[in-house]
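Q: I am attaching a structure below and will ask some questions about it afterwards.
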Amino acid sequence: METWFEYLLTDELLLYVFPVFLMAIAVEVYLSRVRDADHYDFAETRTSFCLMMVAAVVEFVPRQAAIVLMVFLHEISPLRDVVGRQWWAWLALLLLDDLAFYWWHRASHEIRLLWAGHVNHHSARVLNLSTAIRAGVGERLTKMAFWLWLPLLGFDVGMILVIMTVNLCYQFWLHTPLIERLPEPIEAVFNTPSHHRVHHASNVRYLDANHGGILIVWDRLFGTFVREQQQEPCVYGITTSIAPGNLRAAVLHEYIALSNDVRRAATFKKRLQHLFGPPGWRGTGATAASTKRHHADSLFQAASSRTV
Numbered sequence: 078m079e080t081w082f083e084y085l086l087t088d089e090l091l092l093y094v095f096p097v098f099l100m101a102i103a104v105e106v107y108l109s110r111v112r113d114a115d116h117y118d119f120a121e122t123r124t125s126f127c128l129m130m131v132a133a134v135v136e137f138v139p140r141q142a143a144i145v146l147m148v149f150l151h152e153i154s155p156l157r158d159v160v161g162r163q164w165w166a167w168l169a170l171l172l173l174d175d176l177a178f179y180w181w182h183r184a185s186h187e188i189r190l191l192w193a194g195h196v197n198h199h200s201a202r203v204l205n206l207s208t209a210i211r212a213g214v215g216e217r218l219t220k221m222a223f224w225l226w227l228p229l230l231g232f233d234v235g236m237i238l239v240i241m242t243v244n245l246c247y248q249f250w251l252h253t254p255l256i257e258r259l260p261e262p263i264e265a266v267f268n269t270p271s272h273h274r275v276h277h278a279s280n281v282r283y284l285d286a287n288h289g290g291i292l293i294v295w296d297r298l299f300g301t302f303v304r305e306q307q308q309e310p311c312v313y314g315i316t317t318s319i320a321p322g323n324l325r326a327a328v329l330h331e332y333i334a335l336s337n338d339v340r341r342a343a344t345f346k347k348r349l350q351h352l353f354g355p356p357g358w359r360g361t362g363a364t365a366a367s368t369k370r371h372h373a374d375s376l377f378q379a380a381s382s383r384t385v
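So in this note's numbering, spot 219 of the sequence shown is number 296, and the numbers just go up one at a time.
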């Protein structure tokens with residue numbers, strides 16, 4: 078049996094691909110300058126690299142604790158000697174890992190306590206490849222919990238860690254603004270830069286959409302898919318204004334706002350609603366989702382009035 082420490086030593090795929098990420102960022106910077114495109118704000122890029130390093134420190138202990146628990150769960154799984162590392166097991170795990178990522182990602186947008194740890198990935202006012210390494214810091218404390226069911230299905234921890242990294246590496250290229258739409262069969266099945274631009278956009282039409290990692294089929298299946306519209310370009314960033322380069326604000330601003338809301342809440346029930354309700358909940362029933370629906374209804378009514 079491999080120990081958690083051996084998994085720690087072998088969980089190094091990102092170390093090999095990170096230089097490729099850096100070269101890709103450099104190429105994108107060059108192409109952006111050649112095309113005179115405003116895709117980079119270097120204060121934002123510096124913040125992205127800093128957030129990546131802070132997240133790596135914050136993640137270390139929770140990740141190792143999760144690996145220990147995963148080893149234990151795999152040992153007690155009745156399927157551990159059935160699954161093994163056959164080709165079909167890798168393929169099945171790739172799909173199940175992406176499903177786990179979808180629900181973690183969706184929960185991180187729809188539960189405010191989780192959003193507070195994920196929001197700094199979305200706080201950049203530009204979208205480019207350096208945004209891909211702009212890791213959510215607080216999310217690192219709880220993220221692995223969404224993958225704990227996989228070792229119970231018989232997948233060993235080494236497989237899970239490899240596939241999680243493969244999924245993460247796939248998502249790197251999704252952050253480039255230099256690729257427009259791809260052929261429709263690809264757009265129909267896979268997550269693409271077009272779909273991911275929608276995910277990062279703060280336009281009301283695009284809020285809380287396209288949470289998939291490798292596949293976009295989960296969003297289509299569970300009703301969170303939104304197509305990028307040429308008539309409404311994506312606007313990036315979040316509703317709270319954060320000065321580029323302010324690392325403390327990038328990490329803590331939503332936790333501070335959440336703490337203030339919980340402290341001011343009149344009842345225990347409202348405190349729980351602030352913590353576990355959707356971002357934007359203020360006790361009035363108004364949330365990002367309801368605002369989005371209201372916006373869509375207004376657009377429909379406006380369009381209908383023009384056709385009368």
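Just so it is clear, CB atoms sit at the ideal spot from N, CA and C, and this is done for glycine as well.
Per DSSP, which residues does Phe-267 bridge with? Please list them.
A: DSSP lists Leu-292 as partners of Phe-267.
Q: Helix or strand or just coil, what does DSSP make of Tyr-117?
A: Here Tyr-117 sits in coil by DSSP.
Q: Under DSSP, the alpha helix (DSSP H) around Phe-98 begins and ends at which residues?
A: Looking at the DSSP string, the run of the alpha helix (DSSP H) that includes Phe-98 is 90-111.
Q: In the DSSP assignment, the alpha helix (DSSP H) including Ile-315 goes from what residue to what residue?
A: Element bounds for Ile-315: n/a, residue is neither H nor E.
Q: Quick check: what's the CA-CA separation for Val-97 versus Leu-238?
A: Rounded to whole angstroms, Val-97 to Leu-238 spans 20 angstroms at the Cα level.
Q: Tyr-107 and Ala-201: beta carbons closer than 8 angstroms?
A: No, the pair does not count as a contact, with Cβ atoms beyond the cut-off.
Q: Between Ile-263 and the rest of its own chain, which residues show a CB-CB distance below 8 angstroms, the 5 nearest in sequence each way excluded?
A: So the qualifying residues of the chain are Thr-269.
Q: Please classify Phe-178 as buried or exposed, where buried requires at least 16 neighbouring CB atoms within 10 angstroms.
A: Its Cβ being crowded by 16 or more others within 10 Å, Phe-178 is buried.
Q: I think Leu-218 touches Val-135, with their Cβ atoms under 8 angstroms apart; what is that distance to the nearest whole Å?
A: Their Cβ separation, rounded to whole angstroms, is 7 angstroms, which keeps Leu-218 and Val-135 in contact under 8 angstroms.
Q: If you reduce the DSSP assignment to three classes, tell me which class Ala-286 lands in.
A: Residue state, collapsed to three classes: coil.
Q: Hey, His-288 and His-199: beta-carbon distance below 8 angstroms or not?
A: Not closer than 8 angstroms, so no.
Q: Look up Ala-278 in the DSSP assignment and say whether it is helix, strand or coil.
A: Reduced to three states, the DSSP call for Ala-278 is strand.
Q: Under three-state DSSP, which class holds Ile-319?
A: Ile-319 falls in the coil class under three-state DSSP.
Q: Let me check understanding here. Comparing Cα to Cα, which of Ala-327, Pro-310, Ser-207 and Gly-322 lies closest to Ala-120?
A: Nearest C-alpha to Ala-120: Gly-322.
Q: Do Ser-279 and Arg-258 have their CB atoms nearer than 8 angstroms?
A: In this structure, Arg-258 does not lie closer than 8 angstroms to Ser-279 by Cβ.
Q: Which residue marks the beginning of the alpha helix (DSSP H) containing Gly-194, and which one marks its end?
A: Counting along the chain, the alpha helix (DSSP H) containing Gly-194 begins and ends at 189-195.
Q: Looking at C-alpha atoms only, which residue of Leu-335, Leu-352 and Gly-231 is the closest neighbour of Gly-162?
A: Note on residue identity: the sequence assigns Arg, not Gly, to residue 162. When each option's Cα is compared against that of Arg-162, the closest is Gly-231.
Q: Which of helix, strand or coil does DSSP assign to Asn-205?
A: Coil.
Q: Should Trp-167 and Met-236 be called a contact, given that it needs their Cβ atoms to be closer than 8 angstroms?
A: Yes. Within cutoff.
Q: Just the Cα atoms here: how many angstroms apart are Asn-244 and Ile-188?
A: So the two alpha carbons sit approximately 23 angstroms from each other.
Q: Verify whether the separation of the beta carbon atoms of Val-214 and Leu-335 is less than 8 angstroms.
A: Not a contact, by the Cβ cut-off of 8 angstroms.
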